[in-house]
Structures are given as C-alpha cells and as structure tokens.
Amino acid sequence: MDKSYNTLDRHFHLPHVRQVEASRPLVWLRMGWDDMLANPGASLSYGLIFAVLGYLILAYATDMPYLFTAAVSGFFLVGPLAAAGLYELSRRHERGEAAGLIDSLKGLRQHGDHLLYYGAFLAFVLLGWERLSAILFALFYHGDTPDLAHFFRDVFLSGNYVHFVVSYFVVGGALAGLVFALSVVSVPMLMDRSSDMVTAMMTSARAVGFNLGAMAVWAALIVALIGLGFATMMIGMVLLLPLVGHATWHAYKDLVE
Numbered sequence: 001m002d003k004s005y006n007t008l009d010r011h012f013h014l015p016h017v018r019q020v021e022a023s024r025p026l027v028w029l030r031m032g033w034d035d036m037l038a039n040p041g042a043s044l045s046y047g048l049i050f051a052v053l054g055y056l057i058l059a060y061a062t063d064m065p066y067l068f069t070a071a072v073s074g075f076f077l078v079g080p081l082a083a084a085g086l087y088e089l090s091r092r093h094e095r096g097e098a099a100g101l102i103d104s105l106k107g108l109r110q111h112g113d114h115l116l117y118y119g120a121f122l123a124f125v126l127l128g129w130e131r132l133s134a135i136l137f138a139l140f141y142h143g144d145t146p147d148l149a150h151f152f153r154d155v156f157l158s159g160n161y162v163h164f165v166v167s168y169f170v171v172g173g174a175l176a177g178l179v180f181a182l183s184v185v186s187v188p189m190l191m192d193r194s195s196d197m198v199t200a201m202m203t204s205a206r207a208v209g210f211n212l213g214a215m216a217v218w219a220a221l222i223v224a225l226i227g228l229g230f231a232t233m234m235i236g237m238v239l240l241l242p243l244v245g246h247a248t249w250h251a252y253k254d255l256v257e
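Letter 66 of the sequence shown, counting from 1, is numbered 66 in the working numbering, and no numbers are missing.
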C-alpha cells in the first residue's frame, strides 16, 4: 500500500497526509468557534444567506416529499462548496490578513476557475441524486402522495415501506460517503494552494483512508449539527453552518501538510 501511494505521490504530486486521533474533530470545532468569534459579522452573514436560501428551497419542495428529502440530503453534498467563503475567512485570519465579507469574496474570485469546476461536479452529483431519489420513490412507493408530516410518519416510521427506506438510505448513504471522501478537504485545498481539482480530490480521499476513525467522527458531527439546523427550520443554520465551515478549514490544515 505504501509503495502504491508513493507512486501516486510522484505522479500526481500529492501532499503528505497526516494521521490524527479520532477525537481530533472536537478540536476542529473549537478552533472553528474561535474563527467565528474573530469574524462574527462575515461568518454569520454566510450562515444567514444559506439559511434563507435553504428555507426557500425547502418551502418550495414541501408539497413534493421526494424532492424535499432529496433537497435535505443534497444540502450535505453541496455543503463543502457552499462554505468556500468561510474557508477564505479562516485562511485570511490565520495569516493575519483582513478577513471581512468583501475580502472573502475577493478570495473566491481569485479561485473562481477551480471552484467552478468543482461546482459543476457537485451539480452533476446533486442532479443524479435527485433522479435516483425519484426512481426509488417510483419503484417502492405506490400510495397517494401525502403531505410532508404524514409522509414521514406513514413511510419512514410505519414499517410498511421497509424496502423503500432501506434502499433510500443505502443508495443515499453510499453517494454521500463517496462525496464526503472526495470533498472533506478538497475545497479548502483549492482555496489554499495552486492545485487542480483531481489532485485535491485524491488528497481528500487519501486523508479519509488514513484517518477512518477521525473521519467517521467528523462525518457524524457534521450530520448532527447540520441536521439540528434543519430541525430548527434553518434558524440554527445561521450559527451552525459557519461553525462547521470554519472547522473544516482546520481539518484541512491538520490533515494536509
């Protein structure tokens, strides 16, 4: 395994990946909190923007349960890119540079090409997941489409649609796991250095492979925190999205030399 990774290093110029303890994500959250306190206006502005956008999307999909569930799960897929401005805030704060909202937008513009390519990749994944979600509904759910509250009760909690629930979580979980592995540090890496998308994604996958315990804890924390944001009708997302975004920057700096 080491030999094969050394070959990849020479061919793709992959940076060295560190191994960290499974409890390390808690340190990333603490450091992310410190970054948010250092830039409260800009950080919470990003949180507010995406909370409002998320609320509007969910409100539009309320009468379409399959689209609603796809939108919620899809948020986790596009989250790494949505937090790019927060990575720039952390990067500038770390270097002692100006770190306001306008400054972070300038940083996004400087890395616009790489972010655009990565955004196209995530858009393709999100579109594929929306289609897969619709197919799963068509295959396994044959009742009349209920309102959203009754849908979760009748489908996910009743036990009458076990095949649908299992298929939905298996397919969605596999896709989410793949995207997580390819993106957990790739977008911060694109913001931090002159790297192409493929190299960043390979580095991200390698970081996950070398730190399965820490990455499992980090994934669980992200799901719990962002899930709490959804549970509060996006109000909590104003605070929780910036926290996770800033912490992700420190995860990248901790894992990638």
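Beta carbons: idealized from backbone N, C-alpha and C, even for Gly.
**Asked** Thinking just about the alpha-carbon of each residue, which of Leu14, Gly159 and Arg18 is nearest to the one in Phe140?
**Response** Considering only alpha carbons, the answer is Gly159.
By alpha-carbon positions, which one of Ser194, Leu212, Tyr161 and Leu157 ends up nearest to Val184? Ranking the options by Cα distance to Val184, first place goes to Leu212.
>> For a minimum of 4 consecutive residues, which ranges assigned as the alpha helix (DSSP H) are wholly contained in the region 107 to 144?
In response: Segments of the alpha helix (DSSP H) lying fully in the region 107 to 144: 112 to 140.
Note to self: I'd like the list of long-range same chain contacts for Gly245, defined as Cβ closer than 6 Å, with 5 residues on each side in sequence excluded.
What the structure shows: Closer than 6 Å at the Cβ level, and outside the excluded window around Gly245, lie Ala83 and Leu86.
From the DSSP output, in three-state form, read off Asp2 for me. Any reading at Asp2 needs caution, since the residue's pLDDT is 48, under 50, leaving its predicted position unreliable; the model's value is listed next. Note: Asp2 maps to helix in three-state DSSP.
- Query: Hey, Leu81 and Leu122: beta-carbon distance below 7 Å or not?
  - Reply: Taking a C-beta distance under 7 Å as the contact criterion, Leu81 and Leu122 qualify as a contact pair.
Check for me: the alpha helix (DSSP H) holding Ser90 runs from which residue to which?
Counting along the chain, the alpha helix (DSSP H) containing Ser90 begins and ends at Ala84 to Glu94.
Closer than 7 Å to chain C by CB, Leu228
Among the chains of the structure shown, chain C does not appear; only one protein chain is present.
Which value, in whole angstroms, describes the spacing of the CA atoms of Met233 and Ile226? Roughly 11 Å separates the two Cα atoms.
| field | Neighbourhood of Ser43 by C-beta distance below 6 Å, restricted to the same chain and skipping five residues each side | value | Hits under 6 Å: Met36 and Pro242.
query: Between Thr69, Ile57, Ala207 and Ala247, which lies nearest to Trp259 when the distance is taken from Cα to Cα?
result: This structure cannot speak to residue 259, because the chain is shown only from 1 to 257.
Review point. Using DSSP with H/G/I as helix, E/B as strand and the rest coil, what is Val78?
Key: In the structure shown, Val78 falls within a helical segment according to DSSP collapsed to helix, strand and coil.
Point to revise | Segment contact flag, the region 165 to 176 with the region 191 to 203, C-beta cutoff 8 Å, min 3 pairs | key: Short answer: they don't touch.
Val187, enclosing alpha helix (DSSP H) - first and last residue:
Where Val187 is concerned, the enclosing alpha helix (DSSP H) stretches over Ser186 to Asp192.
* Asked: Exposed or buried, which one is His16 when buried takes at least 16 other CB atoms within 10 Å?
  -> Of the residues assessed, His16 falls on the exposed side of the cut-off, its CB having fewer than 16 other CB atoms within 10 angstroms.
Checklist entry - Under the three-state reduction of DSSP, which class applies to Val17: helix, strand or coil? => result Val17 falls in the strand class under three-state DSSP.
Determine whether the beta carbon atoms of Met189 and His111 lie at a separation below 7 Å. No Cβ-Cβ contact shorter than 7 Å links Met189 with His111.
Exercise. Straight-line CA distance for Leu157 to His163?
Worked result: Those two C-alpha atoms are separated by around 13 Å.
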